[in-house]
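Residue numbers (my numbering): 1 to 318. Every residue gets a Cβ at the ideal spot worked out from N, C-alpha and C, and that includes glycine. Given the structure is predicted, the values throughout are model-derived calculations rather than measurements. Please read the structure below before turning to the comments.
What follows is the structure, encoded as structure tokens:
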């Protein structure tokens with residue numbers, strides 16, 4: 001296992017390098033420039049050139065990338081073009097809210113999807129099966145911005161049960177506590193979890209149907225093993241391998257869902273920061289966010305592969 005982890009980390013290094021190269025080329029080929037937003041065109045030419053050099057947006061693209069990579073290896077992601085703050089500080093203050101949103105959505109999705117997927121497989125072609133399958137396709141097909149606006153209209157505008165946005169209430173109105181954050185978290189987490197539930201139900205159902213049709217399950221039934229033991233001890237345990245794979249694959253989807261949900265609900269996380277950086281052509285912040293996202297996805301894949309060996313001892317990571 002240790003040697004496998006080291007090999008995976010060594011493989012991840014060129015992958016990250018390739019991601020940064022492609023991303024840097026794409027970003028610098030986009031129409032528009034941060035100069036248009038931050039440098040007054042009426043300035044004298046020498047003053048404008050000095051500002052451009054200070055921002056690090058002069059010279060060929062390959063030279064700009066090498067300068068960025070050199071700073072990265074020194075632990076410096078550059079400075080935000082909007083407020084001259086270190087990019088690392090800007091990202092770190094947004095990581096907590098995003099991880100809270102993604103983690104909550106993943107937990108909600110797993111808690112809802114796995115029982116529904118198991119029931120759907122055990123009660124195949126029943127009314128419960130059709131309901132669960134319908135919910136799965138609805139969750140996959142429904143855009144996050146639509147479900148977010150629908151929840152705001154229902155629970156904030158009409159029923160007035162939940163706040164429509166933000167991470168906490170204004171000071172003096174009961175804000176700042178864990179309970180207040182939890183109330184603000186409910187709708188964004190549900191919006192992100194809808195897509196997770198839709199994906200997981202389908203895979204849990206398919207995995208359980210495959211295992212329930214195996215000879216060892218029929219043998220257990222012939223030996224008089226009770227249905228709960230056949231379902232959970234035998235079938236579900238062997239179906240976990242494919243389920244773990246799907247859960248690991250949800251990390252990129254959670255990032256995509258978080259970007260939309262944070263915009264709809266004004267959640268102060270990485271998603272809203274990424275949207276702001278794109279609109280402002282804030283290249284250093286955008287590069288830092290993409291690098292952070294790539295690292296998280298690669299780590300999630302590594303953890304998923306390690307969990308394989310824990311879930312199924314027959315798997316050998318060699």
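Bridge partners - residue i, DSSP secondary structure assignment
i: residue 79; result: 86
Cβ distance (whole Å) where residue i is taken to contact residue j below 8 Å
i: residue 252; j: residue 94; result: That pair is no contact at about 18 Å.
i: residue 20; j: residue 291; result: 6 Å
i: residue 194; j: residue 142; result: 6 Å
i: residue 23; j: residue 208; result: That pair is no contact at about 39 Å.
i: residue 203; j: residue 242; result: 6 Å
i: residue 108; j: residue 178; result: Going by Cβ atoms, the distance from residue 108 to residue 178 rounds to 17 Å, so no, they are not a contact pair.
i: residue 295; j: residue 274; result: That belief does not hold up - the Cβ atoms of residue 295 and residue 274 are roughly 15 Å apart, past 8 Å.
i: residue 87; j: residue 285; result: 5 Å
i: residue 148; j: residue 196; result: The pair is not a contact, with the Cβ atoms about 15 Å apart (cut-off 8 Å).
i: residue 5; j: residue 302; result: 7 Å
Residue i classed as buried or exposed, judged by whether at least 16 other C-beta atoms fall within 10 angstroms
i: residue 134; result: exposed
i: residue 14; result: exposed
i: residue 211; result: buried
i: residue 115; result: exposed
i: residue 120; result: buried
i: residue 66; result: exposed
i: residue 173; result: Here the model assigns residue 173 a pLDDT of 49, short of 50, so the residue's position is not dependable, and the following value carries that caveat. With fewer than 16 Cβ atoms within 10 Å of its Cβ, residue 173 is classed as exposed.
i: residue 98; result: buried
i: residue 7; result: exposed
i: residue 265; result: buried
i: residue 283; result: buried
i: residue 9; result: exposed
i: residue 105; result: buried
i: residue 76; result: exposed
i: residue 158; result: exposed
i: residue 63; result: exposed
i: residue 262; result: buried
i: residue 96; result: exposed
i: residue 257; result: buried
i: residue 236; result: buried
i: residue 90; result: buried
i: residue 92; result: exposed
i: residue 124; result: exposed
i: residue 3; result: exposed
i: residue 230; result: buried
i: residue 222; result: exposed
i: residue 150; result: exposed
i: residue 81; result: buried
i: residue 218; result: exposed
i: residue 344; result: Limits of the chain in this structure are 1 at one end and 318 at the other, which puts residue 344 out of reach.
i: residue 73; result: exposed
i: residue 101; result: buried
Proximal residues to residue i (C-beta, below 6 Å), its chain only, five neighbours per side dropped
i: residue 61; result: 28
i: residue 161; result: 155
i: residue 198; result: 136, 139 and 140
i: residue 205; result: 117, 120 and 121
i: residue 152; result: 164
i: residue 337; result: Residue 337 lies beyond the stretch modelled for the chain, which goes from 1 to 318, so this question has no answer here.
i: residue 297; result: 251 and 252
i: residue 279; result: none
Any non-hydrogen atom of the ligand GTP within 8 Å of residue i CB
i: residue 135; result: By its list of ligands, the structure shown contains no ligand whatsoever, and the ligand GTP lies outside what it can speak to.
7 Å CB neighbourhood of residue i in its chain, flanking five on each side removed
i: residue 184; result: 163, 166, 167 and 168
i: residue 277; result: 285, 286 and 289
i: residue 246; result: 199, 200 and 203
i: residue 304; result: 244, 245 and 248
i: residue 145; result: 260 and 264
i: residue 255; result: 293
Contact set for residue i: own chain, Cβ-Cβ below 8 Å, skip 5 residues either direction
i: residue 321; result: No statement about residue 321 is possible, as the shown extent of the chain runs from 1 to 318 and does not include it.
i: residue 85; result: 79
i: residue 12; result: 298 and 302
i: residue 71; result: 77 and 78
Margin query: Quick check on the DSSP output: what are the complete beta strand (DSSP E) runs of length 3 or more inside the region 111 to 187, in order along the chain?
Written below: The qualifying runs do not exist here; there are none.
Notebook entry, point to check: At which residue ranges does the region 272 to 300 contain complete beta strand (DSSP E) runs of 3 or more residues, listed in the order of the chain?
Noted result: Counting only runs of 3 or more, we get nothing.
Item checked: Within the region 186 to 271, ranges of the beta strand (DSSP E) (whole runs, at least 3 residues) -> DSSP runs (the beta strand (DSSP E)) wholly in the region 186 to 271: none.
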